[in-house]
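Asks: Take this structure, written in structure tokens, and hold onto it; I'll ask about it next.
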Amino acid sequence: GSAGHGALGGAGLRALCPPGVSPVSPIHVYTQREVYGTVGSRVTLSCSFWSSEWISEDISITWHFQAEGSRDAISIFHYAQGQPYIDDVGSFKERMEWVGNPRRKDGSIVIHSLEATDNGTFTCDVKNPP
1 GSAGHGALGG
11 AGLRALCPPG
21 VSPVSPIHVY
31 TQREVYGTVG
41 SRVTLSCSFW
51 SSEWISEDIS
61 ITWHFQAEGS
71 RDAISIFHYA
81 QGQPYIDDVG
91 SFKERMEWVG
101 NPRRKDGSIV
111 IHSLEATDNG
121 TFTCDVKNPP
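Below you can see the structure in the form of structure tokens.
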């Protein structure tokens, strides 16, 4: 799949998002390189994708979060079989909202009530099965 990375920062948050292009699937994922938010506010982590091929009904979207200074990324959200699932780990599960629409090639999420510990890198990973 393809991944776009983002880091959240600023008064608390930086989301680094180099666009990712996967040689495997012809899907291109676009995210903002940096997203700034203030503690207590909300931030939209936008993820859009493009493919020259038909977007499959089985498309899956996964968001990972890697805290600043951490080596490990955790999965915080995924969309599969037409349903959004907020992963039951980490501090995001009560504060996350799915605002994407895969038919519009959008995999965006919103994180509410930002905390200083939300600083880190967010990755949007899109897979379009043949």
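Note that full-length UniProt numbering gives residue 39 to position 39 of the sequence shown, counting from 1, and the numbers run on in steps of one.
Every residue gets a Cβ at the ideal spot worked out from N, C-alpha and C, and that includes glycine.
Using beta-carbon positions only, say whether N128 and I59 come within less than 9 Å of one another.
Replies: Taking the first residue of the sequence shown as position 1, residue 128 is located at position 128. Taking the first residue of the sequence shown as position 1, residue 59 is located at position 59. Going by C-beta atoms, N128 is nearer than 9 Å to I59.
Asks: When the Cα of C111 is compared with those of F49, V43, I61, E53, which residue comes out closest?
Replies: Within the sequence shown, the letter at position 111 stands for residue 111. Looking at the sequence shown, residue 111 is not Cys but Ile. For the residues F49, V43, I61, E53, the minimum Cα distance to I111 belongs to V43.
Asks: How is P84 classed by DSSP in three states: helix, strand or coil?
Replies: As a working mapping, residue 84 is identified with position 84 in the sequence shown. In this structure, P84 counts as strand in the three-state DSSP scheme.
Asks: Based on DSSP bridge pairs, tell me the residues matched to I109.
Replies: Within the sequence shown, numbered from 1, the residue matching residue 109 stands at position 109. Its beta-bridge partners are L45, W98.
Asks: Rounding to the nearest angstrom, what Cα-Cα distance links V99 and I27 in this structure?
Replies: Against the sequence shown, residue 99 aligns to sequence position 99. Against the sequence shown, residue 27 aligns to sequence position 27. Whole-angstrom Cα-Cα distance: 20 Å.
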